[in-house]
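Structure record follows, encoded as C-alpha cells.
2 protein chains.
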Amino acid sequence: MTSMTTGTSRADANRRRILDIALAELLRDPDASMDQIARAAGVVRRTVYGHFPSREALISTLVDEAVEALSAAHAAGREDVRDPAEAVARSVLAVWAIADRYRLLVALAQRTVTMQGIRERLAPVRQASIGLLQRGLDEDVFSSPLPAPALAYVHEQTLFAVMEAVNDGLLAAREAGRCAAVTVLTAAGVPASKATELVAKLNA
Amino acid sequence: MTSMTTGTSRADANRRRILDIALAELLRDPDASMDQIARAAGVVRRTVYGHFPSREALISTLVDEAVEALSAAHAAGREDVRDPAEAVARSVLAVWAIADRYRLLVALAQRTVTMQGIRERLAPVRQASIGLLQRGLDEDVFSSPLPAPALAYVHEQTLFAVMEAVNDGLLAAREAGRCAAVTVLTAAGVPASKATELVAKLNA
DNA sequence: ACGCCGTTGCACAGCACTGTGCAAATCAAT
DNA sequence: ATTGATTTGCACAGTGCTGTGCAACGGCGT
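Chains A and B are the protein sequences, given in the same order.
For the first sequence, position 100 (counting from the first letter as 1) is numbered 99 according to numbering that gives the first Met the number 0, and the numbering increases by one without interruption.
For the second sequence, position 201 (counting from the first letter as 1) is numbered 200 according to numbering that gives the first Met the number 0, and the numbering increases by one without interruption.
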C-alpha cells in the first residue's frame, strides 16, 4: 500500500482512471472532496490516498498534464511560420485539438460557486447584449463566425481580460475604458480604424 | 441584536462597512470565512451574523448591489442609439465607469485557487504568445490599442469564452476551433475577411 | 496453495467553519 | 443618569473534510 512504486498494470489503470474521473468531477465542482472523486472513480477514498499523498498532489498532477500537452501543441503550431497572423491561427487550431480533452479543466476556472450566482443574475444584461449583437450582425455592422450568444460570451470575457490587465498594471486605468470598447468592437468584426474613431468621438 | 430593523446610524454604518470590506476580502480569497471578513471589518464574527443571517445572505446582497449597478449602467448606455456599434461602445464605456468599483468583484470570478495554479504554469505559453503578438503589432499585421501583454490576456479569455460556448451548446464543437481562431485574429485587429480566409486556407 | 500487491472498511485525531444562545459591556441620545 | 439599541466575548453543537493507521480481503501469477 505504501510503496506502489513498482508499476503493476492494475494499479496503473486505477491511477489513470482516478485522474480522468477527477478531471471531470473537479469541473462539476472545483471544491469536490476526495470522497466524491473516489466514489466517482468507483474506488474508496483510502485508495486515492494510496496513489496521491494529498489532494493538492492530485490536482497538481492534473494541471501538469494539461499544461504540458497544451504547451507542446502551442509550440508546435507556431514553428517556422513567418507571418504572425498565420502563427497565431495555427497555434489556436493546434491548441484546440488538445484542449478538447481539457476543455473541462479550463472551464473549471470560471465556475466558482460564487461566480455561478453572478452569471446567473447577469442573465438579463447578457440578454440585452445578445439582442444588440444580433442586430449588428443582421445589419452587417458586425461580422463574426460566432452566433450572437457565443459572441456575447466573448464580449464578457474580453471585458474581464482588460480588467485583469488593469489589475496587473499592464494598462492604465484611465485608458482602460476606451481600450475595452475598441477591443470589443474589433472582436465583433468592426474594422480597427472605424472602432478607434467611433470610441474617440464618443469620448470627446 | 435580534431585530435591527429600525435603522440606527451606527448599525447602518457598520452594515455598510461590512459589505464594503467583504467585497475586498472575498476578492482576495473567494472562500474567505466569516471570521476573516469580520476581523477585516474591525468587528466580531457574531456581529456580522447580526446583520446577515448567513454567509450566503451576505454574498447575495453583495452580488445584488453589483448587478443592479452594472445593469443600470449597461441599459443607460444603449438608450436611443440606432447604430449597434455605437450602442455597444456606449454600453462598454458606461459599464466601465461603474465597474471600477466592482472590478474586484468581477475579478473574483477568475481567481480560483486552482485557477491561480493553472495560469501560473501557463506563463511560458503566455510569454510565447506575447512575443508573437508584439511582432504582429510591430509589423502592422495586428492593430490594437492594447499593449501586447494585455492583448495576450484578451487572447486567452477569448479562447475560454468559445470553450464555454461549446460547453453550453451554443456552438458545434466541430466548428469551434476555426471560430476561435478567426475571433482571436479579429480581436487582434486583423480584418474579418482576411482572418476568415486565412483560417479557411489553413484548414483545407 | 502460496505470496505479493493493491484494495477495502473502519476508526481515529485534528482542524476549520457555520450558526446560535446568552450575559455583560458599550454606545448614543434624551 | 437612564434607557434602548448594538456590539462583544465566550461557549456550544453540528458538520464535513483531511490525512493516517491497521487488519482483513481480493485477485493473480507461479
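Here a beta-carbon is modelled for each residue, glycine too, at the ideal position from N, C-alpha and C.
This structure is a prediction, so every number in the text was calculated from the model and none was measured.
Exercise. For D280 (chain A), which residues in chain B fall below 8 Å Cβ to Cβ?
Worked result: The question about residue 280 (chain A) has no answer, for chain A in this structure spans 0 to 203.
For this session: Please confirm if L45 (chain A) has its CB atom under 8 Å from at least one CB of chain B.
Result: The sequence as given places Arg at residue 45 (chain A); Leu does not occur at that position. Not an interface residue.
Exercise. Is there a Cβ from chain A that is less than 8 Å from the Cβ of I17 (chain B)?
Worked result: No - not a single Cβ of chain A is within 8 Å of the one on I17 (chain B).
Exercise. Can C178 (chain B) and P123 (chain A) be called in contact, C-beta distance under 8 Å?
Worked result: No, the pair does not count as a contact, with Cβ atoms beyond the cut-off.
Exercise. Got a sec: which bits of the region 80-98 of chain A sit with their beta carbon under 8 Å from any beta carbon on chain B, in order along the chain?
Worked result: Sequence-ordered contacts of the region 80-98 of chain A with chain B read D82, P83, A84, E85, A86, V87, A88, R89, S90, V91, L92, V94, W95, A96, A98 [C-beta pairs closer than 8 Å].
Problem set entry | Reduced DSSP secondary structure (H/G/I, E/B, other) of F141 (chain A) | Coil, per DSSP.
Exercise. Residues of chain B with a CB under 9 Å from the CB of S143 (chain A): which are they?
Worked result: Contacts between S143 (chain A) and chain B, judged by CB atoms closer than 9 Å, involve C178, V181, T182, T185, A191 in chain order.
Exercise. Would you call the region 158-168 of chain A and the region 148-156 of chain B touching, i.e. three or more CB-CB distances under 8 Å?
Worked result: Contact holds: three or more Cβ-Cβ distances are below 8 Å.
Exercise. What residues in its chain sit with their C-beta under 6 Å from that of V181 (chain A), if we drop five residues either side in the sequence?
Worked result: Closer than 6 Å at Cβ, skipping near neighbours: A194, T195, V198.
Exercise. Should R120 (chain A) be flagged as near chain B, meaning a C-beta pair shorter than 8 Å?
Worked result: Answer yes: the Cβ-Cβ gap between R120 (chain A) and chain B drops below 8 Å somewhere.
For this session: Starting from the Cα of L201 (chain A), find the closest Cα among B:E155, B:A88, B:V183, B:L184 and give me that residue.
Result: The shortest CA-to-CA distance from L201 (chain A) to any of B:E155, B:A88, B:V183, B:L184 is the one to B:A88.
For this session: Ignore the nearest five residues each way along the sequence and tell me which others in P190 (chain B)'s own chain have a CB closer than 6 Å to its CB.
Result: If you ignore the 5 residues before and after P190 (chain B), its C-beta comes within less than 6 Å of no other C-beta in its own chain.
For this session: Return helix, strand or coil for R77 (chain A), following the three-state DSSP convention.
Result: Look at R77 (chain A) here: in three-state DSSP terms it is coil, with no helix or strand label.
Problem set entry | Member of B:A84, B:E24, B:A72 whose CA lies at the smallest distance from the CA of I36 (chain B) | Taking only the C-alpha atoms, the option nearest I36 (chain B) is B:E24.
Problem set entry | Nearest to L22 (chain A) (by Cα), restricted to the options A:P52, A:S8, A:I58 | Of the candidates A:P52, A:S8, A:I58, the one whose C-alpha sits nearest the C-alpha of L22 (chain A) is A:I58.
For this session: Report yes or no: is there a C-beta of chain B within less than 8 Å of the C-beta of M33 (chain A)?
Result: For M33 (chain A), the answer is no, since every Cβ of chain B falls outside 8 Å of its Cβ.
Problem set entry | Alpha carbon of D139 (chain B) to alpha carbon of A186 (chain A), nearest angstrom | Cα to Cα, the separation comes out at about 17 Å.
Problem set entry | Under 8 Å (Cβ pairs) to chain B, residues found in the region 48-64 of chain A | Considering only beta carbons, the part of the region 48-64 of chain A lying closer than 8 Å to chain B consists of I58, S59, V62, D63, in chain order.
For this session: Quick one: list the residues of chain A neighbouring Q156 (chain B), beta-carbon separation under 7 Å, in chain order.
Result: Simply Q156, T157, F159, A160.
Problem set entry | Under 8 Å between C-beta atoms of S128 (chain B) and G188 (chain B) | For S128 (chain B) and G188 (chain B), no; Cβs fall outside 8 Å.
For this session: Could you tell me the boundaries of the alpha helix (DSSP H) in which F159 (chain B) lies?
Result: Secondary structure note for F159 (chain B): its alpha helix (DSSP H) is the uninterrupted segment 147-166.
Problem set entry | Listed by chain order, chain A residues near L22 (chain B) by CB distance under 7 Å | For L22 (chain B), none of the residues of chain A pass the 7 Å Cβ criterion, the least Cβ distance being about 12 Å.
Exercise. E78 (chain A) to A86 (chain A), Cα distance in whole Å?
Worked result: If I take the Cα positions, the gap works out to 8 Å.
Exercise. In whole angstroms, what is the alpha-carbon distance linking A98 (chain A) and A75 (chain A)?
Worked result: Cα to Cα, A98 (chain A) sits roughly 14 Å from A75 (chain A).
Exercise. Going by Cα to Cα distance, which pick from B:T60, B:N13, B:M33 is closest to I218 (chain A)?
Worked result: No information on residue 218 (chain A) is available, as it lies outside the stretch 0 to 203 that chain A covers here.
Exercise. So what's G41 (chain A) in DSSP terms, helix, strand or just coil?
Worked result: In the three-state scheme derived from DSSP, where H, G and I count as helix and E and B as strand, G41 (chain A) is classed as coil.
Problem set entry | Counted within 10 angstroms of its Cβ, other Cβ atoms place E163 (chain A) as buried (16 or more) or exposed | Classification for E163 (chain A): buried.
For this session: Check the Cβ-Cβ distances between V42 (chain A) and every residue of chain B, and say whether any is below 8 Å.
Result: V42 (chain A) does not count as touching chain B.
Exercise. Taking 8 Å as the CB-CB limit, is R134 (chain A) close to chain B?
Worked result: Cβ-Cβ to chain B under 8 Å: yes for R134 (chain A).
Exercise. Is L25 (chain A) helix, strand or coil when you go by DSSP?
Worked result: Secondary structure of L25 (chain A) (DSSP, three-state): helix.
Exercise. Quick one: is I36 (chain B) near chain A, going by C-beta distance under 8 Å?
Worked result: So no, I36 (chain B) is outside the interface.
Exercise. Can you tell me the Cα-Cα spacing of L69 (chain B) and V94 (chain A), whole angstroms?
Worked result: Each residue's alpha carbon lies about 34 Å from the other.
Problem set entry | Per-residue DSSP class, three states only, for L121 (chain B) | Here DSSP, grouped into helix, strand and coil, assigns L121 (chain B) to coil.
Problem set entry | Assigned exposure category for R14 (chain A) - 16 Cβ within 10 Å defines buried | Per the 10 Å Cβ criterion, buried.
Exercise. So what does DSSP say about D99 (chain A), is it helix, strand or coil?
Worked result: Per DSSP, reduced to three states, the secondary structure at D99 (chain A) is helical.
Exercise. What three-state label does DSSP hand S2 (chain B) in the structure shown?
Worked result: In this predicted model, S2 (chain B) has a pLDDT of only 48, less than 50, meaning its place in the structure is not dependable; the value taken from the coordinates is given anyway. Here S2 (chain B) sits in coil by DSSP.
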